[in-house]
Amino acid sequence: MDTDAIVLAYLKRKQYERAEAALNHEGRVESLDDLAFRAYSAVDTNVANYILFHNPKEGPQAYLESYARLKDWITTSLEAYRDELSAILFPVFVHCYLDLVSKEHAEEAKTFLARFSPEHAAAHSADLAQLGSVTHKQHVLQNKLSSTFRTNKYNVRLSSYGFELLVRFLQEADFMLLLAIVNERINVLVAEAKPNDGVVPRFAAGALTGLSVEAMDELVEAHQVHWGTFPSFKESTHALISEFSEELKGLTDDEGRPLVFNLFTEAQAELDASFAAAAEEGAGRSKRRKRGDGSAAETGDAPPVPELKRIPLLETAELSELESFAEVRSRMALSSTALPSAAMYTFFNTYDTLNCASFSRSGGLMATGFGDSSIRLWDLEGRHLTGLNPELVPIAENSVVLHGHSGPVYGLSFSPDSRFFVSASQDGTARLWSMETRTNLVVYSGHSFPIWDVAVSPLGHYFATASHDTTARLWSTNMVTPLRIFAGHLSDVDTVAFHPNSNYVATGSSDKSVRLWDVQSGNCVRVYTGHTDGVASLAFSPDGAKLASGAHNGAVIEWDINSAKSLKSYTGHKGAVWSLDYAHDGVLLASASADHSIRLWDVESRFLDASTSRRQDTPPGGLVKAFYTKSTPVFNVKFNPRNVLLAAGPFRASEPSPHVDDLSPAAKAQAVGDAGAAISMDTTK
Amino acid sequence: MHKTTKEVKAMLSQVQAVVEVRDARALASTRNPILANQVAHKPRIVVAAKADLVDKAWMEAVEAGASESQRASPPVEATHFMQHGKRSKLTTADINNALRLRNVEVLYGHEGRETAREYLTVDEVLKRGETAEDDGEVVGETSEERKAKSKASRTKSRRSKAAAAAAAELDNETIYVPYDEVVGFADIIHAPLPKAPLEPSFAAHWLAVEGVQPAVPANLPPLVLASLLAGEGLAPDVVGVSSDQIKALGAGSLASTSALPGTASGMEDAQVRPFVRHVLSQELQMYYKMATSGVVGFDDELKNAVLESIRSDPGLHQLVPYFVHFVAHTVAVSLRNLPVLTSLMRMAQALLESEHLHIAPYLHQLMPPILTCMLGRRLCSAPSENHWELRLFAARLVRYVCSLYGSAYASLQPRICKTLVRAFLDPSRPVTTHYGAVAGLVALGPRVVQFAVLPNLEAYMAWLAPALAAGDAEPDRAAEASHMRTLLLTAVKRVLEASARAVVAGKVVAAPEGKPLPPSADLPGVAALAGQLADLIPDMQVDLQACVDLLGADDPAWTASP
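Chains as they are written, first to last, in full-length UniProt numbering: chain A, 1 to 685; chain B, 1 to 562.
Take a look at the structure:
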C-alpha cells in the first residue's frame with residue numbers, strides 16, 4: 001500500500017499520466033475512503049490549476065452555461081442517482097449566483113436568477129426571495145442568508161458511487177467553476193452505501209446547520225440519548241385503586257350530594273382485573289411496535305431510561321398522581337380504523353390578533369394570547385373563573401382577561417397540574433401566572449428579543465423558551481435567571497418542546513433544522529436536518545422514541561431521536577403546520593395547519609413514500625383522515641386524556657379556502673353558498 | 001447621520017425594493033447622495049412629500065427620476081412577526097415591531113388602519129375630482145362646507161393636473177397619486193362615535209365524531225367534504241352519525257354536559273344523513289339470531305349459556321349496538337311479560353359486566369329500559385307475580401352502572417337521582433312505581449336515602465295509610481302497600497346502620513356528654529339506636545327517631561333482611 005502510494009506520487013510528479021492510470025487500473029480494489037480521498041485530491045489539484053491558469057476572459061456567461069449543463073446531466077441521469085445528486089443543485093445554484101453578484105455581473109446575475117430559480121421555487125421559495133434582494137457586491141456579506149451560505153459549508157450526503165459520478169462528470173466536462181464551488185462551499189459526506197437504500201434521505205438531503213456532517217455524526221456517536229420514559233403509576237396498581245376509590249367517595253355535586261356513594265368490592269375487583277388487562281395490552285402493543293420498526297430495534301430491547309436523579313425533579317409520588325387511573329380507564333383506544341372524536345373551538349371577533357391558543361392537560365381550560373398584549377383564559381367546562389382575585393372582572397361567564405405583558409403574546413403553556421401557566425411575549429419576558437389567584441406571579445427576563453414559544457416540562461418545575469435571539473433557554477420556576485442557554489441555531493428559534501422524561505429539549509428554528517439539547521449538560525446532542533422551510537411545530541411521541549416536526553411549507557417529518565434519521569415524511573398540508581400532537585397510545589399523529597384542516601397520520605404504517613406504496617385501498621403517505629374546518633386555520637391540536645382531539649382556531653371569513661381548487665364544480669357551488677352562511681354565523685356571535 | 005447611514009446600509013442587503021421619500025419642493029436636492037450608489041440596482045418608488053405645496057415640483061420630480069432612497073422597505077424580521085401571529089398577511093404592526101427590534105423609529109400613523117391608502121393613477125384622480133365638484137353643486141349644503149369642499153377639490157385637481165402634465169412629459173412612467181377623500185369638517189364633528197368592537201368569543205362544535213365529520217352547520221357541507229376527501233385519496237365517510245349519537249357525545253365525552261356550550265343549539269337543526277348499512281359477517285348475524293331468541297326463550301340452559309357467552313366472549317363488539325337496541329325494543333313491547341323482562345335485565349347485566357365490550361357510548365340507550373323495569377307501572381300480567389324482585393334487580397344494575405361510569409360521566413348519577421326522586425314524590429304515580437324509585441335510591445346508598453327519602457317519609461306514610469288499611473277489601477292494593485312499607489323500613493335501616501357504623505368508626509365526633517359508643521358487634525334495637533344516634537349526631541338533619549316511630553318500632557321486618 002505504502003509503496004503503491006510512493007510510486008503513484010512519483011509518477012504524478014513526473015507527469016507520467018499513462019503509467020499512473022495503468023497502475024490505478026490494475027484491478028486493485030480501492031477502499032471507498034481512498035476513492036473519496038482520491039477524488040478530493042484530484043479536485044484540489046484541479047482547483048490549483050484553475051487558480052493558476054485562470055483565464056480572465058472566461059466571462060460570467062460560463063456560470064450560466066455550466067450550471068445549465070450540470071442541471072441537464074442530473075435530470076437525465078439514472079433514476080437511482082437523480083434524487084441524491086439533485087441535492088447538490090441548490091447550493092451550487094446559490095453559490096453561482098453569489099459569485100456572479102460578487103464579481104459585479106449584475107445583469108448576468110439577474111438573468112441567472114430569472115432562468116433557474118423556478119425549479120427551486122417549490123422547496124426554497126423563502127430563500128429565493130431573500131436571495132433576490134442580494135444584488136450588490138456588498139450585500140453578499142451583509143445579507144443574513146448569503147453570509148450564512150458563504151461562511152458555512154452546505155452539507156450534502158451522497159452515496160460513494162453517486163459522488164464518483166459527479167466528480168467524473170465535473171472533471172471530464174472541465175467545469176472548473178463548478179468544481180471550485182463543490183470543493184470550497186459544499187461539504188460532501190460520502191456514505192458507504194448503495195444509492196436509494198435509505199442512508200440518503202429521498203427528500204432534500206442538504207442543509208446548512210453550521211456543523212459539518214462529520215460533526216453531526218460525531219454527536220450521534222458521542223451522546224446516547226436516554227429517550228425512555230419513567231415508569232408510570234402502572235407499577236403501583238393497588239395503591240392507586242384504593243386511592244381512586246377514596247377520591248370517588250370525596251366527590252360531591254353542586255348541592256353537596258356525593259356523586260358516587262359507594263364503590264363495592266366486586267366492582268373494585270372488576271376494575272382491578274380490567275386495569276391489569278389494559279396494562280398487559282399496553283405492554284403488548286409497545287412490543288409489537290418494536291418489532292415492526294427497524295429503527296427502534298437498533299436501540300435495543302429496553303428503552304434507555306435516564307437516571308431519575310439526573311436532573312432534579314419533583315417527587316415521584318407527585319409525578320404518578322398526574323396521570324390518574326380514571327383517565328386511563330376511560331381512554332379510548334385509537335388505531336387507523338378507530339378514529340378519535342374532535343372538538344373544535346372556533347374563535348370569533350379576534351380581528352386577526354389571536355396569536356396562540358393552548359389547552360390545559362385535561363382540556364378543561366384554554367389560554368389564548370392576543371396581539372394587544374392580553375391573555376384570555378377560557379373555561380371550557382362552563383365554570384366561573386374569577387378565582388381569588390377580587391379585582392378581576394370577568395368579561396363573559398367563562399372568561400377573564402389577564403394583563404401584564406407589554407407586547408404581543410406568542411406562546412402559552414400550562415403546567416402539568418394546570419395550576420400555573422407560563423406566557424411568552426414580544427417584550428422579551430416570560431411570565432408565570434397562577435390559576436388560583438389569576439395573577440402574575442413571576443416575570444422571567446433574560447431574552448432581549450421577542451420570545452416566540454414556551455413549553456413547560458411534562459414533569460413540572462422547568463420550562464423552556466425559544467427566542468428571536470437564536471437561543472433557547474431553560475428556566476426553573478423558582479429562579480428569575482435562566483439555568484441553561486441553548487445556543488447553536490443560525491436563525492430564530494421558533495418552537496420548543498420538552499421530552500416526556502424532561503431530560504431533553506427539542507427546538508425548531510427558521511434555519512430549517514431541529515436540534516435536541518441535553519437539559520443536564522446544556523449541550524446540543526442531535527441535529528435533525530431535512531426540512532426545506534422553517535420549523536413551526538414539534539411533538540414528542542408518548543414513548544419518547546420519536547420526534548415529529550412540522551414546517552411552514554406544510555411538511556411533517558418524523559425522526560428517530562437517537563439515530564437522528566428521519567423515519568417518515570408526511571406530506572399533504574398546503575399551509576404551515578402550527579401544531580402537532582400524538583395520541584396517548586402513540587398510534588396516531590394529529591397535525592393542525594393554516595390550510596383549514598387537521599390531518600391524522602398513521603404512525604405505525606410502513607411506507608417508503610407516496611409514489612411507491614400507493615395502492616388502491618390505502619391512502620397515500622400514512623394519511624388516515626383529514627378533518628376540514630370552515631374558514632378556520634387551526635392553531636392548536638391536543639389529545640385530551642380520554643383521547644378526544646381538541647382543536648382551536650380563529651374564524652376568518654375573508655380568508656379564501658386553500659382547498660377551493662380541489663373541489664368538484666358541484667361541491668364548489670355548495671361551498672360558496674355555505675360561505676355566506678358562515679359569515680352570518682360570525683355576526684350573530 | 002453616520003450611524004443612520006450605517007444602519008440603512010446594513011438593512012439594504014435584505015430589502016427588495018426601496019421607497020424613497022423626498023420633499024416635492026426640492027426633489028433633486030433632498031436626495032441622499034451617500035446612498036445613491038447603494039441602491040442603484042434596486043427597484044424603487046420615489047415618494048414626493050408635500051406635493052400639495054407645489055405645482056412645478058412635479059416636473060422636477062419626474063425629471064430627477066428615481067434613484068436613491070431614504071427609507072428601507074419592510075425588514076425581513078417583519079415576516080417572522082407575521083408567521084408567529086399565524087397570519088398570511090403582513091400588517092403595519094408587524095413592520096413596526098420589526099423596526100422596533102432594530103431600534104429604528106417606527107412609522108407612526110399607520111397602525112390600526114384597516115385598509116391601505118388608495119393610490120390612483122392621475123386620470124382616475126382627475127375623474128374623481130370632477131365628480132366631487134359636481135356633488136358639491138348638486139347637494140344643498142351650508143356655504144362654509146361647500147367652500148371648504150371646493151377648495152379641497154381645487155387643490156387636488158391642481159395637484160393632479162400638475163402630475164398629469166408631468167406624466168405627459170415622461171410617457172413611459174405611470175404616476176400614482178394618493179387619493180384623499182374630501183370630507184367636510186362638520187361631517188367629522190357630527191359623526192356618531194364608531195361602534196365598540198365585539199369582544200372575542202368562542203363557539204364549540206364537534207368537528208368529528210369517531211372520525212366522521214357530522215353534517216352540522218358549523219362544519220363544511222357533506223358534498224364539499226366528500227369532494228375534499230376524494231382529492232386526498234381518502235374514502236368518504238361511510239357511516240352516518242345519528243343526532244342521538246352526537247347529543248350523547250356532547251353530553252358525555254368531555255366529562256361534562258356543558259363542555260360544549262355551543263353544541264346544543266347547533267345540533268337542533270342538524271341535517272342528519274341516513275344510516276348506511278353496517279355490514280355484519282354471516283357468523284355474527286347467526287350468533288345474534290341465536291342469542292336473542294335464546295334470551296327470550298324458555299330454555300333456561302340455553303339462556304344461561306347465551307348470557308355467559310355475552311359476558312365473557314371477546315369479538316362481539318360489533319353486535320353491541322344491536323344488542324342494546326334489542327333490549328330497548330323488547331322491553332318496550334313486552335311490558336307485561338315478567339319472565340322476558342327479567343331475562344332482558346340479565347342480558348343488560350351481562351353486557352355491562354363484559355370486559356370486552358365498550359358499552360359506554362350506548363349507556364344512554366341502555367339506561368331507559370333498565371329504568372323502565374324499575375319504575376314501570378305494571379310489569380307483569382297478574383298483580384300477584386313477583387315483579388318486586390325484578391325492580392330490585394334493575395336497581396342493582398343502576399347502582400353498578402353508577403359505580404362504573406359515575407366518575408366519567410359526572411352528570412349520570414345526579415340525573416338518575418333526580419328521575420327517581422321525582423317518581424317517588426309524584427302522588428299520581430302508582431305504589432309500584434314508588435317502590436321502584438325507592439329501591440333505586442336505596443341501591444345508590446344510605447346518604448341518598450337520608451337526603452331524598454327520609455324527609456318525605458312522614459308525608460308519604462300519610463298518603464300510604466289508606467292503602468295499608470284497605471285490608472281484605474282490596475287485597476292487591478294492601479299487598480302493594482305492605483311491600484312498599486317493608487322497603488321503606490329497609491331504607492331507614494340502611495341509614496341507621498350506616499350512621500351507626502360511622503359512629504363506631506369514630507368518623508363522627510363523639511357525643512358531648514361523653515357517652516360510651518356502642519360496640520359494633522351488637523347493635524341495639526332500632527328504637528334505641530335511633531335515639532342514641534340522634535344524641536350523637538346533632539347535625540343529622542333528619543329525625544331518625546321520628547322515622548322509626550312512623551314505621552312502628554316493634555315491626556318484625558326490622559330484623560328480617562330485605
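Even for Gly, the Cβ is constructed at its ideal location relative to N, Cα and C.
Between the CA atoms of residue j and residue i - distance to the nearest angstrom
| i | j | result |
| --- | --- | --- |
| residue 487 of chain B | residue 462 of chain B | 16 Å |
| residue 403 of chain B | residue 361 of chain B | 16 Å |
| residue 347 of chain A | residue 637 of chain A | 14 Å |
| residue 569 of chain A | residue 307 of chain B | 49 Å |
| residue 88 of chain B | residue 149 of chain A | 27 Å |
| residue 359 of chain A | residue 88 of chain A | 43 Å |
| residue 696 of chain A | residue 74 of chain A | Limits of chain A in this structure are 1 at one end and 685 at the other, which puts residue 696 of chain A out of reach. |
| residue 431 of chain A | residue 99 of chain B | 24 Å |
| residue 586 of chain A | residue 281 of chain B | 30 Å |
| residue 434 of chain A | residue 34 of chain B | 55 Å |
| residue 333 of chain A | residue 650 of chain A | 30 Å |
| residue 335 of chain A | residue 644 of chain A | 13 Å |
| residue 282 of chain A | residue 350 of chain A | Any reading at residue 282 of chain A must be qualified, since the residue scores a pLDDT of 48, below 50, and its modelled position is unreliable; the value itself is stated next. Using only the alpha carbons, I get a separation of about 42 Å. |
| residue 415 of chain A | residue 418 of chain B | 37 Å |
| residue 217 of chain B | residue 208 of chain B | 13 Å |
| residue 523 of chain A | residue 217 of chain A | 15 Å |
| residue 563 of chain B | residue 500 of chain A | Absent from the model: residue 563 of chain B. The displayed extent of chain B is 1 to 562, so no value can be given. |
| residue 356 of chain A | residue 411 of chain A | 6 Å |
| residue 231 of chain B | residue 502 of chain A | 40 Å |
| residue 550 of chain A | residue 578 of chain A | 7 Å |
| residue 13 of chain A | residue 171 of chain A | 20 Å |
| residue 491 of chain A | residue 147 of chain A | 12 Å |
Nearest-angstrom beta carbon gap, residue j and residue i [assumed within contact, 8 Å]
| i | j | result |
| --- | --- | --- |
| residue 564 of chain A | residue 515 of chain A | That belief does not hold up - the Cβ atoms of residue 564 of chain A and residue 515 of chain A are roughly 10 Å apart, past 8 Å. |
| residue 592 of chain A | residue 634 of chain A | 4 Å |
| residue 363 of chain B | residue 401 of chain B | 7 Å |
| residue 545 of chain A | residue 303 of chain A | 7 Å |
| residue 627 of chain A | residue 342 of chain A | 6 Å |
| residue 77 of chain B | residue 339 of chain A | Residue 77 of chain B to residue 339 of chain A, Cβ: 41 Å. No contact. |
| residue 423 of chain A | residue 405 of chain A | 7 Å |
Cross-strand partners of residue i (DSSP beta bridge)
| i | result |
| --- | --- |
| residue 116 of chain A | Looking at the DSSP assignment, residue 116 of chain A forms no beta bridge with any residue, so it has no partner. |
| residue 46 of chain B | B/20 |
| residue 455 of chain A | A/464 |
| residue 368 of chain A | A/357 and A/376 |
| residue 558 of chain A | A/548 and A/568 |
| residue 598 of chain A | A/592 and A/627 |
Spatially closest choice to residue i from the options, by CA coordinates
| i | options | result |
| --- | --- | --- |
| residue 431 of chain B | B/419, B/378, B/390 and B/393 | B/378 |
| residue 386 of chain B | B/407, B/95, B/293 and B/480 | B/480 |
| residue 356 of chain B | B/391, B/316 and B/397 | B/316 |
| residue 43 of chain B | B/22, B/12, B/49 and B/33 | B/12 |
| residue 493 of chain B | B/475, B/470, B/450 and B/464 | B/450 |
| residue 220 of chain A | A/119, A/518, A/556 and A/462 | A/518 |
| residue 326 of chain B | B/441, B/105, B/345 and B/309 | B/345 |
| residue 379 of chain A | A/371, A/362, A/399 and A/477 | A/399 |
| residue 312 of chain A | A/457, A/99 and A/425 | A/457 |
Start and end residues, beta strand (DSSP E) containing residue i
| i | result |
| --- | --- |
| residue 159 of chain A | 154-159 |
Span of the alpha helix (DSSP H) around residue i
| i | result |
| --- | --- |
| residue 97 of chain B | 92-101 |
| residue 359 of chain B | Here residue 359 of chain B belongs to no alpha helix (DSSP H), and DSSP marks it neither H nor E. |
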